[in-house]
Amino acid sequence: MSASDAEAVRTLACVTVKRRCTPRAFASRLTRGERDEAKRALLDRAMTAESKALRNAVLDVIAKIARWTVPQGEWNELLEFLGQCASSPETAHRALAFKLFESLTETIVSSLSHHFKTLAGLFANGLVDAHDEVRVSALRAVGALVANASGEPEEVAVIKSLVPHVLEAAKTAVSNEDEESASIVFEVLDALTESRTSALSGHVPAVVGFCIQVATAERELGTSARRRALDVLAYMARHKPKALTKSKLVEPMLAVLCPLCGEPKEAELAGEDDLEDEDEVHIQTVASQLIDILALKVPAKYVLPTVLSFAAANINNASNDRLRHAAVAVLGVVTEGCAEGVRAHASTIVPSVVGRLSDLNGPVRGAAAFTLGQFAEHLGLTLEDPDMHKQVLPSLFTALPVEQVKSVQERMMYAMDAWLEDVQDEVGVYVKPLLDIVLLALDSGAKRHVREMLLSALASATASSGDKVHPYLGELLPRLDRCLSLTADEELNVRARALEVLGMLISAEGGKEAMGPHVENAMQAGLSGFELDFAELREYAHGLFGEVAEALKEDFDRYLAVCAQKAFASLELDDGIMFDSEDEADREELDSDDDGDGDGMTDYMHEMVRVQAHLALAQTTIAALSINPEGAKELVNDSLSATIRCVLEDEDRDAVAASVEAAALLVNILKEHRGVDVSQHVIDLTAASLEILEGNTFCQVEDGYDSEEGDEEGDEDEDEDVEAGLVVIEAVAELLPALAMYMGETFATHFVPHFNALMKRTEENHTETERSLCYATLVEVVRAVGAPAAGCAVVALPRCLRDVASLDVGLRRNSIYCIGILAQIGGASAIDFHGAIAEALAPMTRADRESDGGVRDNAVGAIARLLQVIDGGHARENASALLDVVLNALPLRNDLEEGPDVYHWLASTITENPTSLADAAMTRIVGILAEVVTDGALAPIDTSRILGIALSRAEDQRVRATLSSLPAQSQDAIRRAGA
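Structure, rendered in structure tokens:
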């Protein structure tokens with residue numbers, strides 16, 4: 001290390017010493033004097049090393065020997081040397097001190113605890129040193145300290161004291177346009193936010209301020225440093241949203257982030273969370289994702305006003321494409337997290353966004369399409385305004401055929417697909433313009449991804465309104481046949497989507513008749529795809545088989561055996577990949593294609609195949625039951641056994657959820673086939689449901705999702721995607737009511753542990769979505785079981801009453817609906833809550849107190865159920881006032897499913913107990929029921945008929961008098977309905 005003149009030789013000698021030097025060898029082969037001399041020589045060599053490589057090699061040797069000598073007090077000179085160097089007037093010596101400390105940190109940080117206060121002063125000086133080399137070395141040393149600190153209070157205190165100096169060094173780096181130093185700062189901040197968050201206490205505003213400064217330094221710094229700054233903010237938003245809110249930092253962050261959503265980039269806009277190349281994650285995407293996190297984690301009142309203000313100021317900014325783009329995009333980004341607030345402003349927001357579909361700027365048009373798609377996915381606008389689609393879809397159909405930018409086309413198709421799915425019953429008016437676009441794309445050889453997305457949109461439209469597509473089968477089917485003949489690997493996704501369309505055409509209303517001559521060809525097309533061993537063809541073939549089985553029922557006989565065999569074969573598939581994604585050279589070659597859309601071969605995973613196989617197997621089994629219940633016993637047994645096996649063994653939660661949903665479908669049908677003995681399966685399914693509710697199944701543990709454990713430290717410390725994990729709970733929400741319906745009142749004795757598990761999931765440390773789902777599950781079980789489930793009211797009602805004040809619309813709706821059912825069925829168990837129910841829900845029937853129409857209608861329904869059972873106490877005394885509350889809110893116009901129960905109760909009251917009604921109330925009730933019958937769109941036909949009969953045959957003179965005063969049109973409608 002010293003004798004050779006060749007630097008390479010000296011460097012190699014250091015490497016050799018580091019490798020071979022052990023405590024035993026160091027002590028046994030060298031005398032004490034030689035050991036001391038060796039240590040002095042190492043320190044001298046570190047001071048005089050000619051190159052970075054040699055100096056680093058020497059420092060590695062020092063760190064290795066320090067590992068056992070410093071803790072034993074055998075190298076005190078090392079610490080003295082470090083302090084002397086750090087205080088030296090020589091720049092090189094000061095830099096060396098921090099480089100040496102960085103090397104030592106991994107090995108002896110615990111031995112330096114008594115020196116931390118001294119070290120803190122040295123580090124503080126180094127971080128503000130006038131020379132770049134010293135500051136950079138000090139930053140790296142602090143990063144090493146943070147990464148290796150044990151978390152002892154003394155260490156945390158020292159690190160906390162250094163945070164302001166780190167930020168000062170960072171600001172100096174930014175002002176000097178020193179991206180290397182800025183990147184080191186982010187390594188330190190990453191370590192602090194991820195493992196030493198207590199050291200940031202009191203410094204959060206300063207850290208956020210620095211990150212904002214860097215994120216907006218477009219001219220001074222490159223993309224990498226700016227992205228790192230946003231990453232730090234994203235981590236804090238995800239895990240410490242309360243700290244940001246408490247420090248009043250959310251609004252300043254949004255003020256900076258919103259404009260960044262319009263910064264140009266080459267990658268896609270938003271919604272693509274897993275880009276393979278980190279360099280492709282541009283500032284626009286990272287900023288959008290950060291705003292999305294804030295919208296999901298922080299109460300909307302801290303997010304939405306700033307976003308809406310920014311959007312209103314810039315959505316029509318003709319002079320600045322970036323800001324116009326950002327204004328449109330950010331509305332879509334916050335839609336999921338701030339759904340209620342965005343919905344409340346939809347009447348003004350939607351037209352503004354639709355107007356941007358014709359913008360001269362491509363990214364703005366793309367952002368508009370993306371945002372409209374988000375509206376359809378998360379807002380349920382057609383529930384509040386059934387005609388809302390008329391503002392959106394015609395504009396999309398006008399814009400799409402003339403759009404030239406591929407990425408914008410994709411977003412327009414995404415938006416169109418989402419809105420067509422949301423429109424449901426009225427989708428028929430859009431079938432022809434959609435078909436025109438689809439046929440044009442198929443005939444003109446449009447790019448693969450375009451054909452695939454359009455076929456997906458057509459499948460959605462067909463699912464909602466398939467009979468409207470049937471008149472065009474002569475034009476459509478030959479094109480689908482061409483798609484089904486595709487065999488090139490890169491075209492098989494198009495072929496798979498064609499199978500999806502065929503399935504929807506067959507299962508649609510009238511599909512059995514319209515598609516009857518084509519079913520055989522469709523089935524053969526689905527079966528032939530299995531020979532190509534392509535996951536999507538298997539997936540959509542199973543989907544096709546399920547749709548055909550549902551449509552044909554007893555006529556599915558000839559396909560039973562082969563479809564069941566294919567389903568069971570797919571259920572045995574293990575997850576795997578077709579190509580090794582780590583072999584980048586092969587992967588790039590496989591992913592390359594002429595159109596450069598980057599949509600080549602992808603990982604070949606079987607879980608979605610299993611999903612469709614489970615659902616198709618259920619439909620196949622249901623068809624078998626309709627053909628020959630006795631002969632279907634074995635298939636029923638195998639199908640339900642497949643669900644049990646999947647719940648217990650499958651690691652994929654989507655597959656487990658599908659198997660549970662399949663069992664629910666089957667159990668619902670088995671009520672009609674009591675001769676098929678499934679008693680043991682019902683017991684096993686009940687036990688499997690409990691395993692899921694308690695979070696014990698393999699897929700829940702394997703995915704790290706165990707919401708049953710809760711989150712003791714609050715939402716900001718939750719690192720798992722809890723919402724995604726709820727897919728299995730959603731499936732149980734289908735199965736438990738099916739089991740309850742099958743078993744009837746006897747299910748009450750089995751339901752006790754399930755009820756306890758559901759209630760545990762309604763505690764406040766669980767998400768609004770999960771609590772809402774649990775209430776929805778409970779209410780359906782209670783309805784199925786009836787009076788034996790009355791005891792649930794005592795535990796569930798206080799939680800429901802708590803959650804009627806939630807900011808989440810879905811939770812408010814489900815908790816209110818649950819309150820109504822529990823009040824009605826709960827009997828004596830619910831009496832003590834009647835007054836609290838009335839007090840909580842009466843104000844929620846008014847628009848000035850509750851913005852969501854569905855919630856208002858649920859509150860009306862719940863009070864109506866309460867009025868049917870109250871027989872004493874405070875609520876009984878106020879029954880007349882509560883009836884006025886209900887009548888003031890009728891007829892219902894939002895959640896029409898609440899209507900029949902309310903109207904049937906009122907109709908029975910005027911016919912069976914008219915004396916309980918005052919004259920004014922009777923007159924109002926008759927007028928309301930007459931309006932419902934006359935309108936025709938406010939209630940199902942059966943309900944209108946019941947109301948017409950009640951009104952026509954009522955003997956109370958007050959009813960007759962009121963009817964005679966109605967317009968002739970209303971009287972005629974009532975007579976027709978009651979005939």
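Each residue of the sequence shown is one higher than the one before, counting from 1 in the UniProt record's numbering. Heads up, the beta-carbon is just placed ideally off N, CA and C, and yes, glycines get one too.
Contact annotation: the region 376–383 touches the region 410–419, with at least three C-beta pairs closer than 8 Å. Between Val926 and Val959, the beta carbon gap of about 5 Å places them in contact (Cβ cut-off 8 Å).
By the Cβ criterion, the region 686–694 is not in contact with the region 631–638, since fewer than three pairs of Cβ atoms, one from each stretch, lie closer than 8 Å. Annotation: the continuous alpha helix (DSSP H) that includes Ile928 extends over 919–935. Taking 8 Å as the upper bound for CB-CB distance, Val855 and Arg893 are not in contact here, some 13 Å apart. If you draw a 10 Å sphere on the C-beta of Ala313, you find fewer than 16 other C-beta atoms in it, and that means exposed.
Around Ser358, the same chain offers Ala399 as residues with beta carbons nearer than 7 Å, after the five sequence neighbours per side are excluded. It is roughly 8 Å from the alpha-carbon of Thr911 to the alpha-carbon of Leu951.
With fewer than 16 other beta carbons inside 10 angstroms of its own, Gln680 counts as exposed. Under the three-state reduction of DSSP output, Met515 falls in the coil class, being neither helix nor strand. Taking C-beta atoms under 8 Å as the contact rule, Ala889 and Thr845 qualify, at a distance of about 4 Å. Comparing alpha-carbon positions, the option among Leu665, Ala664, Asp652, His673 lying closest to Ile627 turns out to be His673. Assignment of Arg67 by DSSP, reduced to helix, strand and coil, places it in the helix class. When rounded, the separation of the alpha-carbon atoms in Glu509 and Pro394 is 25 Å.
With a threshold of 16 other beta carbon atoms within 10 Å, Lys671 falls short and is exposed. Pairing Ala215 with Ala234 gives a Cβ-Cβ distance that is not under 8 Å. Straight across, the Cα-Cα distance linking Gln565 with Ser528 is about 14 Å. Pairwise C-beta distances place the region 782–795 in contact with the region 820–835, as three or more of them are shorter than 8 Å. With 16 or more other Cβ atoms from the protein chains shown falling within 10 Å of its own Cβ, Asn858 counts as buried.
Rounded to whole angstroms, the gap between the alpha carbons of Gln700 and Ala731 is 13 Å. Spanning the alpha carbons of Thr767 and Thr777 requires a straight line of approximately 16 Å. Its chain contains Ala624, Leu625 as the residues whose beta carbon lies nearer than 6 Å to that of Ala632, once the 5 sequence neighbours on both sides are disregarded; these appear in chain order.
Of the residues Gln957, Thr962, Ala961, Asp935, the one whose Cα lies closest to the Cα of Ala977 is Asp935.
Setting aside the 5 residues that flank it on each side, Arg761 is surrounded in the same chain by Glu770, Cys774, each with a C-beta closer than 6 Å to its C-beta; the list follows chain order.
Taking 8 Å as the upper bound for CB-CB distance, Ser456 and Arg497 are in contact here, some 6 Å apart. The three-state secondary structure of Ala979, taken from DSSP, is coil. The three-state secondary structure of Gly202, taken from DSSP, is coil.
Contact between Ile622 and Ala551 is ruled out by a C-beta separation of about 12 Å, above the 8 Å threshold. Counting only the Cα atoms, Val250 lies some 50 Å from Gly73.
If you check the CB distance, Arg135 and Ser183 do not come in under 8 Å. Take the alpha-carbon of Val885 and the one of Leu906: they are about 14 Å apart.
In this structure, Glu133 lies away from Thr105, with their beta-carbon atoms at least 8 Å apart. As the crow flies, the alpha-carbon of Leu726 is around 36 Å from that of Ile941. Here DSSP, grouped into helix, strand and coil, assigns Trp75 to coil.
If you draw a 10 Å sphere on the C-beta of Ser772, you find 16 or more other C-beta atoms in it, and that means buried.
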